[in-house]
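Below is one structure, written out as structure tokens, with a few remarks after it.
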Amino acid sequence: MAGKIGLNITQICLPRECTEDEIIEEVLKLNEDPRVHGVYLHLPPASLTSRVLNTLRPEKDVDGVSDLNVGRLVRGDMSQGFTPPLANAVMELLARHGEQSPIQNHGREMSGVGPLTAALRMRNVVQSSSRWAQGQQYRPWTLRSLKLQPLSPVPSDIEISRAQTPKPVDQLAQEIGLLQEETEAYGRTKAKVRLSLLDRLREQPDGKYVLVAGITPTPLGEGKSTVVIGLVQALSAHLKLNSFACLRQPSQGPTFGVKGGAAGGGYAQVIPMEEFNLHLTGDIHAITAANNLVAAAIDARMLHEATQTDKALYSRLVPSVNGVRRFSPIQIARLCRLGISEIDPRALTPQEVSSFVRLDLDPAKVTWQRGRTLYNQLFPPPIFQPPHMIAVASEIMAILALADGLGDMKTRLGRMVVGSSRSGQPITAEDLGVSGALAVLMKDAIKPTLMQTLEGSPVFVHAGPFANIAHGNSSVLADKLALKLVGEDGFVVTEAGFGADIGMEKFFNIKCRASGLRPNVVVLVATVRALKMHGGGPNVSAGSPLPREYIDENLSLVTKGCSSNLRKQIQIAHLFGVPVVVALNVFKTDTQAEIDLVCQMAKESGAADAVPCHHWARGGRGSVDLAQAVKQASSQPSHFQFLYSQETPIVEKIRMIAQKVYGADDIELSPEAQAKIDYYNQQGYGKLPICMAKTHLSLSHLPEKKGTPTGFTLPIRDIRASIGAGFIYPLVGTMSTMPGLPTRPCFYDIDLDPVTEEITGLF
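The opening residue of the sequence shown carries number 1 in our numbering; numbering runs sequentially from there.
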């Protein structure tokens with residue numbers, strides 16, 4: 001696209017009776033047409049109203065008649081505007097002929113101005129086309145950072161967020177090199193970014209790719225999102241390096257359940273934090289709607305097949321419209337999968353009709369995750385008990401996160417297996433005829449959402465799969481867009497959920513396999529309190545005061561935690577051949593001796609560097625040392641490798657993760673899990689990667705086992721398959737895929753002032 005100039009000037013000639021609104025409608029169409037680089041309004045003078053002239057985009061106004069272009073002419077700034085061709089022609093004739101200029105004769109010689117005007121108009125079109133081609137190239141950033149004035153003591157997250165005025169999102173988009181037509185604003189501070197950007201910048205080298213993971217966390221979390229934002233603020237606002245954060249969208253469960261928000265914290269946040277935490281641009285709602293559509297399609301198909309003959313089904317599935325019966329494109333695709341080449345509905349044999357209309361779903365083998373209520377309206381509970389799944393752990397969420405474009409997403413949606421027929425054949429969303437409708441529901445959700453940090457650094461928020469019961473990473477597309485935008489010397493910082501044994505392992509084995517991207521550095525987040533817990537400290541629970549061991553200095557607990565969990569997580573990262581920088585997220589209760597001890601032991605355990613981070617209290621300035629360490633580590637060679645090959649059998653893939661990552665002696669498959677493996681191998685799914693559903697609170701399957709557990713066998717109670725997303729997911733131990741809310745959820749404290757519309761209770 002870029003570099004090839006196609007000249008296209010459009011002249012608007014409309015009937016005299018056209019209204020002003022009709023003219024404007026035509027102008028607006030030409031404004032949005034990328035094939036048109038110049039517009040000439042050949043209209044009666046009465047039609048050339050100020051409203052009409054100023055509707056035309058200045059960059060396509062090759063006659064230079066809009067107010068903006070006239071103003072540029074008066075100011076003498078023609079770097080973006082155009083000199084009106086008629087005026088330019090007159091000036092050229094005067095310059096050539098002086099007092100003998102033919103324009104003084106007002107007769108036939110005056111007609112000489114016309115051809116010259118047309119030629120100069122064409123020159124403006126060439127100039128417009130050249131500017132357009134230049135505009136398609138990579139644009140250097142002009143990022144303006146927002147100033148922070150940190151207070152002590154640090155106010156609440158929502159108070160900090162509201163005290164900062166974010167840049168308008170269209171200004172942010174312009175600063176990072178996005179074109180006007182590449183964004184779709186959702187209010188003043190959020191915008192969707194169109195995937196056409198990838199085509200425009202396809203020749204642009206990628207920037208550095210940084211993954212933020214963590215040690216095994218406490219139930220309180222250790223601040224990975226905060227580290228991501230603090231690091232990006234340090235890189236962009238303080239080291240003046242292009243940098244982008246890529247984060248997952250928080251779901252309503254954590255926001256209204258325990259965490260009260262997931263936008264980072266302190267002076268390292270995404271703003272506005274209310275918009276980040278609540279609905280955003282509706283992507284999760286689109287996923288929920290798509291999930292429910294599949295469930296409704298299953299309900300309807302099973303009901304109709306149970307109550308109608310083949311003939312009745314066929315007449316309704318392929319109805320006569322105006323006396324003509326035709327298969328829809330999605331039905332023709334099903335015929336092809338059945339090996340039926342005939343596309344005339346009248347020509348199918350009775351056996352072919354029966355094969356076409358009967359999915360014959362086995363109620364006991366429907367695997368689609370949804371709520372129980374609608375199913376039980378059709379089938380008694382003993383016959384049909386489908387599994388349950390929250391939206392952020394659904395296959396559609398995983399597809400959104402792993403797809404590399406709209407076409408790929410549509411293909412993956414159609415490939416989703418919703419159950420098996422009574423003969424044991426997999427039934428897909430494509431077989432249900434619903435894949436096209438799913439793509440329609442998801443067409444806007446596939447575009448990442450652009451926001452900003454407290455210091456004005458750009459952030460992509462996209463997808464939100466959990467890491468313990470899903471693959472736990474933001475979208476491939478957000479990372480790819482950001483890597484192009486930052487440029488070759490820039491940095492993209494993305495985050496993997498929970499500990500490195502879960503989110504990071506899935507990032508490498510699933511996300512990197514799908515995207516083809518390779519990380520340069522892993523930032524491993526640790527906290528003194530989590531290390532004390534792994535060193536033998538008492539249990540920690542959300543909502544309860546921290547025991548004294550976590551408040552007072554205790555070098556013994558810190559040492560044990562570093563030599564167990566921290567060392568193990570560094571080793572896990574090294575399994576994949578990527579350098580590690582440890583980021584110690586400092587809390588006010590940490591002592592200098594504890595901080596120094598963690599950094600020393602992290603380096604002794606193989607980290608390229610280990611630095612304390614103070615972004616929560618100081619913003620990006622508090623993570624400058626981390627930014628310098630990441631920059632240095634990214635210059636080192638990365639010897640990335642997968643843990644296993646696609647050809648490795650399913651059982652061996654699970655065993656390799658259990659032994660090499662978790663530290664298990666072996667695995668134990670339930671009979672049900674073994675039967676599923678045999679079935680998946682039979683169906684040709686054996687080459688898919690593995691997505692373990694396991695507790696995030698321990699390297700083992702037992703949440704109470706801290707540090708680095710050894711001498712355990714990992715129990716695999718069941719195995720499921722997300723064929724559209726492209727992975728097999730074993731269920732480890734008693735892991736539930738439908739987590740619940742605590743006894744006293746955060747929603748008790750969340751409220752809205754009906755007068756000011758101010759939200760309270762988020763933190």
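Positions of the beta carbon are idealized from the N, C-alpha and C atoms, including for glycine. Only a predicted model underlies this, so the values are computations on that prediction, with no experimental measurement involved.
In the same chain as A482, and ignoring 5 residues on each side of it, the C-beta atoms closer than 7 Å to its own belong to F244, C246, F460 and V492, in chain order. Per the C-alpha coordinates, the member of D67, L220 and I160 positioned closest to M533 is L220.
With respect to R121, Y40 sits close: the two C-beta atoms are nearer than 8 Å.
At the C-beta level, L524 and A213 come within 8 Å of one another.
According to the DSSP assignment, A297 belongs to no beta strand (DSSP E) but to the alpha helix (DSSP H) extending over D283 to T307. DSSP places G543 in the coil class of the three-state scheme, outside both helix and strand. In this structure, L402 and V294 do not form a Cβ contact; the two beta carbons are roughly 18 Å apart against a cut-off of 8 Å.
If the five residues before and after P217 are omitted, its C-beta is found closer than 8 Å to the C-beta atoms of F498, G499, A530, H696 and L697, all from its own chain and listed in chain order. Annotated as proximal: I427 and V417, with beta-carbon spacing under 8 Å. In the DSSP annotation of this structure, the continuous segment of the alpha helix (DSSP H) that includes Q632 starts and ends at V624 to S634. For the segment 14-43, the continuous beta strand (DSSP E) assignments of 3+ residues that do not extend past its boundaries occur at 38-41, in sequence order. Shown here for L278: not one same chain residue has a beta carbon closer than 6 Å to its own, the five before and five after excluded. Here the alpha carbon of H701 sits roughly 15 Å from the alpha carbon of N565. In its chain, beyond the 5 residues on either side, P168 and V169 have a beta carbon closer than 7 Å to the beta carbon of R188. Around the Cβ of G711, a 10 Å sphere holds fewer than 16 other Cβ atoms; the residue is exposed. By the criterion of a C-beta distance shorter than 7 Å, N88 is surrounded in its chain by L120, once the five residues flanking it on both sides are discounted.
Within the segment 551-605, complete alpha helix (DSSP H) segments of at least 4 residues are found at 555-561, 567-575 and 592-604, given in chain order.
A Cβ-Cβ distance of about 15 Å is found for the pair K694 and M656, leaving them out of contact under the 8 Å criterion. Counting along the chain, no alpha helix (DSSP H) covers S698, and no H or E run does either. Straight-line measurement puts the Cα of K311 at about 12 Å from the Cα of H304. For M442, the uninterrupted alpha helix (DSSP H) run begins and ends at S435 to M442, by DSSP. At the C-beta level, P579 and S638 come within 8 Å of one another.
Judged by DSSP in its simplified three-state form, I723 adopts coil rather than helix or strand. Between H615 and G177 the beta-carbon gap is near 26 Å, outside 8 Å, which marks them as no contact. Under the three-state reduction of DSSP output, I759 falls in the strand class.
Using a 10 angstroms sphere on the CB of M91, the tally of other CB atoms stays under 16, which defines it as exposed. Considering only A496, T183, I390 and V210, the residue with the shortest C-alpha distance to M451 is T183. A direct Cα-to-Cα measurement between R202 and T589 gives close to 48 Å. A residue is called buried when at least 16 other Cβ atoms come within 10 angstroms of its Cβ; Q682 does not meet this threshold and is exposed.
DSSP places G414 in the helix class (H, G or I) of the three-state scheme. Taken in chain order, the complete alpha helix (DSSP H) segments of 4 residues or longer contained in the segment 43-88 are 50-55 and 67-75. Shown here, L201 sits in coil according to DSSP, grouped into three states, outside any helix or strand. Under the three-pair Cβ rule at 8 Å, the segment 389-399 counts as touching the segment 280-299. In this structure A673 is not in contact with D609, their Cβ atoms being roughly 42 Å apart against a cut-off of 8 Å. For E430, same chain residues with a beta-carbon under 6 Å away, outside a window of 5 residues either side, are G414 in chain order. Taken through DSSP and simplified to helix, strand or coil, L402 comes out as helix.
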